[in-house]
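Here is the structure we will look at, set down as structure tokens.
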Amino acid sequence: MPRLEELQDLTTQVRRDILRMVHKVNSGHPGGSLGCAEFFVALYNEIMELNEGFDMDGKGEDLFFLSNGHISPVFYSVLARSGYFSVDELNTFRLINSRLQGHPTTHEGLPGIRIASGSLGQGLSVAIGAATAKKLNKDSNLVYSLHGDGELQEGQNWEAIMYASAKKVDNIIATIDLNGQQIDGATDTVLPMGSIRAKFEAFGWEVLDIEEGNNLEAIIAGLKKAKTMTGNGKPVCVLLHTVMGNGVDFMMHTHAWHGKAPNDEQLEKALAQNPETLGDY
Amino acid sequence: MKKYIDQGKNDTRSGFGAGLTELGRTNPNVVALCADLIGSLKMDQFIKENPERFFQIGIAEANMMGIAAGLTIGGKIPFTGTFANFSTGRVYDQIRQSIAYSNKNVKICASHAGVTLGEDGATHQILEDLGLMKMLPGMVVINPCDYNQTKAATIAIADYEGPVYLRFGRPKVANFTAVDQKFEIGKALHLTEGTDVTIVATGHLVWEALIAAETLESQGISAEVINIHTIKPLDANAIINSVKKTGCIVTAEEHNILGGLGESVARVLATNHPTPQEFVGTNDTFGESGTPEELMDKYGLNNKAIVNAVVKVIKRK
Numbered sequence: 004m005p006r007l008e009e010l011q012d013l014t015t016q017v018r019r020d021i022l023r024m025v026h027k028v029n030s031g032h033p034g035g036s037l038g039c040a041e042f043f044v045a046l047y048n049e050i051m052e053l054n055e056g057f058d059m060d061g062k063g064e065d066l067f068f069l070s071n072g073h074i075s076p077v078f079y080s081v082l083a084r085s086g087y088f089s090v091d092e093l094n095t096f097r098l099i100n101s102r103l104q105g106h107p108t109t110h111e112g113l114p115g116i117r118i119a120s121g122s123l124g125q126g127l128s129v130a131i132g133a134a135t136a137k138k139l140n141k142d143s144n145l146v147y148s149l150h151g152d153g154e155l156q157e158g159q160n161w162e163a164i165m166y167a168s169a170k171k172v173d174n175i176i177a178t179i180d181l182n183g184q185q186i187d188g189a190t191d192t193v194l195p196m197g198s199i200r201a202k203f204e205a206f207g208w209e210v211l212d213i214e215e216g217n218n219l220e221a222i223i224a225g226l227k228k229a230k231t232m233t234g235n236g237k238p239v240c241v242l243l244h245t246v247m248g249n250g251v252d253f254m255m256h257t258h259a260w261h262g263k264a265p266n267d268e269q270l271e272k273a274l275a276q277n278p279e280t281l282g283d284y
Numbered sequence: 050m051k052k053y054i055d056q057g058k059n060d061t062r063s064g065f066g067a068g069l070t071e072l073g074r075t076n077p078n079v080v081a082l083c084a085d086l087i088g089s090l091k092m093d094q095f096i097k098e099n100p101e102r103f104f105q106i107g108i109a110e111a112n113m114m115g116i117a118a119g120l121t122i123g124g125k126i127p128f129t130g131t132f133a134n135f136s137t138g139r140v141y142d143q144i145r146q147s148i149a150y151s152n153k154n155v156k157i158c159a160s161h162a163g164v165t166l167g168e169d170g171a172t173h174q175i176l177e178d179l180g181l182m183k184m185l186p187g188m189v190v191i192n193p194c195d196y197n198q199t200k201a202a203t204i205a206i207a208d209y210e211g212p213v214y215l216r217f218g219r220p221k222v223a224n225f226t227a228v229d230q231k232f233e234i235g236k237a238l239h240l241t242e243g244t245d246v247t248i249v250a251t252g253h254l255v256w257e258a259l260i261a262a263e264t265l266e267s268q269g270i271s272a273e274v275i276n277i278h279t280i281k282p283l284d285a286n287a288i289i290n291s292v293k294k295t296g297c298i299v300t301a302e303e304h305n306i307l308g309g310l311g312e313s314v315a316r317v318l319a320t321n322h323p324t325p326q327e328f329v330g331t332n333d334t335f336g337e338s339g340t341p342e343e344l345m346d347k348y349g350l351n352n353k354a355i356v357n358a359v360v361k362v363i364k365r366k
């Protein structure tokens, strides 16, 4: 089977995982998770250089930090299907005594997680710290991070964005999930942020758009290009244009499914649009 | 009663600076971050000797805490430096999520704590930081009493794996503990032996407690002074064993009595050995501008306040 087809099958299975996880506990955040399924699949399978197994320090491998921790379902699914832990454990999402907390945490020792996130706006600073440690350690691997677009309303981001360019943290690729939605509605309604590209450029970053943020080929090509932009004295920002709820027609183009789980009937309908490929957990 | 001699007044922040300088020479993983207060935190010498291991963050404390958390991933031991107010209240959620809940090996080093910051006034005089930090699960909270102890504590926390809050101050105060002391996190120090009252003090109030003990001795009252430099984890046994002998206790701290050392001691005693207790500290108030001495006097944070509290608590036995 051609590689792209394999990745497409994996993406479909990840969507099923997300939907089944949030349905089971009638909570969680399917919208943003679905919108970033292709990004996570591309990142963990085609982009990042990863070591076998997991250790916190991650020396000699690329690192990833999820800042918008509420899209934990897609993160957990892709980590499990990349071998960090058993896919059966996805069954425990948000349940008592689980390592798969509502928002990701290091507290329960889940392999693949290096920082707690959920309270928004903190991940970029952490990623910059980890990238700085890599420089001190003469480690040439990269640090990746993902942030919601609404999350950019948190002021700490702009402290971090200012710092990274001023201090030439050029071994970092920060991706912004530009789905234009947040809990209370469209970002342009809640708090219009103007041109995010212009803002990052004004703060001294290299900026790259991936217009088709739900197209695996476009994401892989875009992130590979972003890699070539590192090491030149500037941090790199990827603007990933996604559709919230992608892959489930009635969840797309709306903020309604930001933090709402499907009921039995809706789940059935959503799964029918994403037939089983690699096997459900 | 054992006497202590002031080896020459010095500020606890300079003890931190000296400790950090020594760590720079002995531990290659130690890195330092500062939010535009290098001189105030006495970080100059470390920076001079280790420019590649110092990060000037600018006036952006939230970012500093996050970067510190990230630096631990890769084995660094970050020491952050700013005023106590900006090390805690301003960045509480960043510490809570990115450092404490994530169990990152960050040392949050906080100067200018309490009213002895002086003339800058209440915006900068945090009296709530011990409470804020001790409530965070897994956070170690240390408030050393003089230059020598602050230097020793700074060096000791680098060898401890996990988040630590280290609190110190601005004014030059008596330097009376041993130069070459070994600092043990969580271990209370018996400064004087006594039979009538236990005085448990932390930070700048320890020297005041020793002066109070001398005054009390002249009045025929025998005070046992215990230096609690580690508010969390608290040395419960040292406190319980002392009050079993003395039957009453006074706690003294440059902090709000709501949430400070005194409340931690009260919890230990209430559940183990209920004992009459009086609290020396600020009482649900902000500070104000003034000299450190004036403020210590106005807010009841000196040896006189401790003596008064002892007289009161002994009557309650």
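Residue numbers (our numbering), protein chains in the order written: chain A, 4 to 284; chain B, 50 to 366. We put the beta carbon where it would ideally sit given N, CA and C, even for glycine.
Taken through DSSP and simplified to helix, strand or coil, residue 280/B comes out as strand. Beta bridge pairing from DSSP links residue 175/A with 146/A. Contact annotation: the region 18 to 36 of chain A does not touch the region 199 to 208 of chain A, with fewer than three C-beta pairs closer than 8 Å.
Considered as a whole, the region 74 to 156 of chain B harbours 87 to 90, 93 to 98, 110 to 120 and 133 to 136 as its complete alpha helix (DSSP H) runs of no fewer than 4 residues, in chain order.
Residue 53/A and residue 181/B have their C-alpha atoms roughly 39 Å apart. Below the 7 Å Cβ cutoff, chain A contributes 122 as neighbours of residue 142/B, in chain order.
Apart from the 5 residues on each side of it in sequence, residue 118/B sits with its Cβ closer than 7 Å to the Cβ of 147, 148, 151, 153 and 155 in its chain, given in chain order. In the three-state scheme derived from DSSP, where H, G and I count as helix and E and B as strand, residue 84/A is classed as helix. Under the 10 Å beta carbon count, residue 167/B is surrounded by 16 or more other beta carbons and is classified as buried. Secondary structure at residue 243/B: coil, using DSSP grouped into helix, strand and coil.
The region 108 to 143 of chain A is shown to contain whole alpha helix (DSSP H) runs of 4 or more residues at 126 to 139, in chain order. In the DSSP assignment, residue 305/B is bridged to 331/B. Interface criterion not met: the Cβ of residue 44/A is under 8 Å from no Cβ in chain B. For residue 79/A, the three-state secondary structure derived from DSSP is helix. The C-beta of residue 138/B comes no closer than 8 Å to any C-beta of chain A.
Exclusion of the five residues before and after residue 109/B leaves 84 as the residues of its chain whose Cβ lies within less than 7 Å of its Cβ.
The alpha-carbon separation between residue 62/B and residue 218/B amounts to approximately 6 Å.
Legend: CB atoms of the region 183 to 201 of chain A lying less than 8 Å from CB atoms of chain B are not found in any residue.
For residue 19/A, no CB of chain B lies under 8 Å from its own CB, so it is not counted at the interface with that chain. Comparing alpha-carbon positions, the option among 166/A, 6/A, 8/A and 19/A lying closest to residue 264/A turns out to be 19/A. Look at residue 18/A here: in three-state DSSP terms it is helix. Of the candidates 236/B, 305/B and 67/B, 305/B places its Cα closest to the Cα of residue 328/B. For residue 238/A and residue 172/A, the gap between their C-alpha atoms comes out near 6 Å.
Residue 190/A places its beta carbon 8 Å or farther from that of residue 148/A. For residue 190/B, the enclosing beta strand (DSSP E) begins and ends at 189 to 191. Under the three-state reduction of DSSP, residue 91/A is assigned to helix. Put simply, the CB of residue 104/A is far from chain B, with every gap to its CB atoms at 8 Å or more.
According to the DSSP assignment, residue 191/A belongs to the alpha helix (DSSP H) that extends over 190 to 193. In terms of Cβ geometry, residue 239/B and residue 275/B form a close pair [threshold 8 Å]. The straight-line gap separating the alpha-carbon atoms of residue 189/B and residue 199/B is approximately 15 Å. Within chain A, no C-beta atom comes nearer than 8 Å to that of residue 156/B; the closest sits roughly 14 Å away.
The alpha-carbon of residue 345/B is positioned some 44 Å away from that of residue 123/B.
The secondary-structure analysis by DSSP pairs residue 67/A across a beta bridge with 147/A.
For residue 270/B against residue 359/B, the beta-carbon gap comes to about 7 Å, under 8 Å, which counts as contact. The residues 273, 291, 292, 295 and 298, in chain order, have a CB closer than 6 Å to that of residue 247/B in the same chain once the five nearest residues on each side in sequence are set aside. The DSSP-derived three-state label of residue 352/B is helix.
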